[in-house]
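Terminal number for the sequence shown in my numbering: 318, no gaps in between. C-beta atoms are modelled at their ideal positions from N, C-alpha and C, and glycine is treated no differently. This one's a predicted model, so the numbers in the text were calculated from it and none came from an experiment.
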Amino acid sequence: MVSAEELKTYAKVTWCPGCGNFGIYASLRRALSELELAPGMVALVSGIGCHAKIVDYVNTNSFYVIHGRVLPVATAIKLANHKLTVIGHAGDGDGYGIGIGHLSHTCRRNINITYIVHNNMVYGLTTGQTAPTSQQGYVSKTSPYGELALPINPIAHALASDATMVARGFAGDPKHLTELIKECIRHKGFALLDVLQPCVTFNRINTYDFYRKRVYKLEEEKHDYTDRMKAYDKAYEWGDKIPIGTFYKVERPAYHEGLPQIAKTPLSRQKIEDVDISDLMNSFT
């Protein structure tokens, strides 16, 4: 078993002091340790944004991708070696902006990966522009008179896209977040974990105090996460009360289970010495 402390790398952590990413970072390492996952059998994929640095700080396999493309690469890694535990990390701008189309298709395919979205409701890395999840009326550099559009609802979007697990955590409650990450990793199929992650530098509205006054745990209300319509109701609950926990979870065959090519051996471990593709290549000439 590798301890959470041993999962740290030598890289210097450069997030702003108080950043919500610290809570996600601590929770992820603790979850991997408690699940006794060998670092060599874990692959982290990150996009572009403040969140992306997390792959530098966790001692596992990692892959940086271009903006919004976490899920296609995470899917490819999982299908190349479905024995790996694959965890994607994205920001709300990265995952719910340019990457929103990939979310829908990964949900419906039920790729067996965990997708952790660091949702701070602002573009933190590029100094505070309005993001897809910024609340209507939010004042920023790109919306000086207040954001006009409604925000993306990640929970409702994932439900509508047939995700088999949809959850939300809060970076200010690492103990609860650790358990959610473990639940998502153990889930057989695609799991979206949207994490409310305060940006202490640019988002002065959705702060730790803002969330601590409002968040409550769905399990404490005995929420039935097998009921999709109840999950929808909870997805649209935002204001004086904000639910965190598992909104919805159901079992459905994972995508890789339907591929006979990898039923016995992961693609990455198959022998290719005797494979002759000359006829295929000649067909293009």
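Inter-residue Cα distance where the pair is residue i and residue j
| i | j | result |
| --- | --- | --- |
| Glu38 | Arg62 | 8 Å |
| Ala268 | His190 | 9 Å |
| Ser176 | Asn114 | 44 Å |
| Ser36 | Ser66 | 5 Å |
| Thr318 | Met198 | 46 Å |
| Phe55 | Thr42 | 14 Å |
| Lys263 | Phe280 | 8 Å |
| Tyr129 | Ala64 | 25 Å |
| Lys250 | Ala200 | 11 Å |
Coil, strand or helix - residue i by DSSP
| i | result |
| --- | --- |
| Val75 | strand |
| Lys111 | helix |
| Pro276 | strand |
| Gly319 | Residue numbering for the chain in the displayed model covers 34 to 318; residue 319 lies beyond these limits and cannot be assessed. |
| Gln168 | coil |
| Lys45 | coil |
| Lys12 | There is simply no residue 12 to check, as the chain begins at 34 and stops at 318 in what is shown. |
| Tyr269 | coil |
| Phe96 | strand |
| Val229 | Here the sequence assigns Leu to residue 229, which means Val is not the residue at that position. Correct three-state label for Leu229: strand. |
Chain-order list of residues whose beta-carbon lies under 6 Å from that of residue i (same chain, five-residue window excluded)
| i | result |
| --- | --- |
| Ile275 | Arg247 and Val248 |
| Asp195 | Cys140 and Arg141 |
Identity of the residues DSSP links to residue i by a beta bridge
| i | result |
| --- | --- |
| Tyr281 | Val199 |
| Ala123 | Val150 |
| Thr118 | Val75 |
Proximal residues to residue i (C-beta, below 7 Å), its chain only, five neighbours per side dropped
| i | result |
| --- | --- |
| Cys49 | Val233 and Thr234 |
Whole-number beta carbon distance between residue j and residue i, since they are thought to touch under 8 Å
| i | j | result |
| --- | --- | --- |
| Ile146 | Val106 | That belief does not hold up - the Cβ atoms of Ile146 and Val106 are roughly 10 Å apart, past 8 Å. |
| Pro72 | Leu40 | 7 Å |
| His289 | Lys111 | 7 Å |
| Pro293 | Lys116 | That pair is no contact at about 17 Å. |
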